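Engineer: One structure, as structure tokens, below. Some questions next.
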Amino acid sequence: MSSEQTFIAIKPDGVQRGLIGPIISRFENRGFKLVAIKLMTASKEHLENHYSDLSEKPFFKGLVAYMGSGPICAMVWEGRDAVKTGRAILGATNPLASAPGTIRGDYAIDVGRNVCHGSDAVDSAKKEIALWFKPEELNSWKSAQFDWIYE
Ligand code: DAT
Ligand code: MG
121 MSSEQTFIAI KPDGVQRGLI GPIISRFENR GFKLVAIKLM TASKEHLENH
171 YSDLSEKPFF KGLVAYMGSG PICAMVWEGR DAVKTGRAIL GATNPLASAP
221 GTIRGDYAID VGRNVCHGSD AVDSAKKEIA LWFKPEELNS WKSAQFDWIY
271 E
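Numbering (my numbering), first residue to last: 121 to 271.
Written out as structure tokens, the structure is:
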């Protein structure tokens, strides 16, 4: 359980529904550290690259269109076990299967409008961070809360 970085993105529906603040709060409140953030309307090519492992799926075209339909709030969050814990904070892919208390379980209904993305493994997090951010956009800083969050 080392310190990791994970790529978290508030999808166009989450941005449109005013959920940037509440979603950021969940990661901040848990104790994770924000190291990069930007609002970005992604191109078709960029999104096809981001979801390349799903290119054979019947929902791929619709997924890329939805993800490109407006700005996305792209972020990198850092902390102990951040990838796995980030997925737990998000909830299941299908919001109807997500427990209340998770982001998708509290804010979404349809799988195709599930408001938030989170990396599913340390390796994919590295790839996604490199796709969405330039190295100089990642901030290296020590949070003043660090010693109150970690033993
Ligand atoms: P996750 O976003 O939980 O990592 P995924 O990587 O399997 O899930 O799929 C990426 C996105 O694609 C997901 O957030 C919503 C969409 N999606 C997945 N399965 C779907 C389905 N059966 N029908 C429609 N959209 C789907
Ligand atoms: Mg995924």
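Ideal Cβ placement from N, Cα and C applies to all residues, glycine included. What you are looking at is a predicted structure, and each value in this text was computed from that prediction instead of being measured.
Hey, is V242 close to the ligand DAT, as in C-beta under 8 Å from one of its heavy atoms?
Structural biologist: Indexing the sequence shown from 1 puts residue 242 at position 122. Incorrect: V242 has no Cβ contact closer than 8 Å to the ligand DAT.
Engineer: Name the residue from S189, L210, I140 and V135 whose alpha carbon lies nearest to the alpha carbon of H80.
Structural biologist: Because the chain here runs from 121 to 271, residue 80 falls outside it and cannot be looked at.
Engineer: When you compare each of C193, G199 and K204 to G151 by their alpha carbons, which one comes out closest?
Structural biologist: If you number the sequence shown from 1, residue 151 lands on position 31. Answer by Cα proximity: G199.
Engineer: Count the other CB atoms, across all protein chains shown, that sit within 10 Å of the CB of Q265; report buried if there are 16 or more and exposed otherwise.
Structural biologist: The count along the sequence shown starts at 1 and reaches residue 265 at position 145. Result: exposed.
Engineer: By Cβ distance, which residues of its chain are closer than 7 Å to I272, with the 5 residues on each side in sequence left out?
Structural biologist: An answer regarding residue 272 cannot be provided, because it is not within the stretch 121 to 271 covered by the chain.
Engineer: For the alpha helix (DSSP H) holding T205, just list the boundary residues, first then last.
Structural biologist: The residue you call residue 205 lines up with position 85 of the sequence shown. A202 to L210 is the span of the alpha helix (DSSP H), which, as asked, contains T205.
Engineer: Measure the C-alpha to C-alpha separation of R146 and K181 and round it to an integer number of angstroms.
Structural biologist: Taking the sequence shown and counting its residues from 1, the one referred to as residue 146 is at position 26. Taking the sequence shown and counting its residues from 1, the one referred to as residue 181 is at position 61. Roughly 30 Å separates the two Cα atoms.
Engineer: Going by C-alpha distance, which of S172, K164, L139 and K153 is nearest G206?
Structural biologist: In the sequence shown, counting from the first residue as 1, residue 206 sits at position 86. Residue K153 is the option with its Cα nearest to G206.
Engineer: Quick one: what's got a C-beta closer than 7 Å to G190's C-beta in the same chain, skipping five residues either side?
Structural biologist: On the sequence shown, residue 190 is found 70 positions in, with the first residue counted as 1. So the list reads P132, V135, Q136 and T161, once near-sequence residues are dropped.
Engineer: Are there 16 or more other CB atoms within 10 angstroms of the CB of F253, so buried, or fewer, so exposed?
Structural biologist: Mapped onto the sequence shown, residue 253 falls at position 133. Classification for F253: buried.
Engineer: Return yes when the C-beta of T205 is under 8 Å from any heavy atom of the ligand MG, and no when it is not.
Structural biologist: For the purposes of this step, residue 205 is taken as residue 85 along the sequence shown, with counting starting at 1. T205 Cβ: outside cutoff for every heavy atom of the ligand MG.
Engineer: Kindly list the residues whose CB is nearer than 7 Å to the CB of V242, restricted to its own chain and excluding five residues on each side of it in sequence; keep chain order.
Structural biologist: Locating residue 242 in the sequence shown gives position 122, where the first residue counts as 1. Closer than 7 Å at Cβ, skipping near neighbours: E124 and V203.
Engineer: Write down every uninterrupted run of the alpha helix (DSSP H) in the region 188-259 whose length is 4 residues or greater and which is fully enclosed by it, in chain order.
Structural biologist: Complete alpha helix (DSSP H) runs here, min 4: 202-210, 223-227 and 242-252.
Engineer: In chain order, which beta strand (DSSP E) runs of at least 3 residues are fully inside the region 139-197?
Structural biologist: With a minimum length of 3 residues, the continuous beta strand (DSSP E) runs that stay inside the region 139-197 are 153-160.
Engineer: When every heavy atom of the ligand DAT is checked, does at least one fall within less than 8 Å of the C-beta of H166?
Structural biologist: The residue given as residue 166 occupies position 46 in the sequence shown. False, no ligand heavy atom lies under 8 Å from that Cβ.
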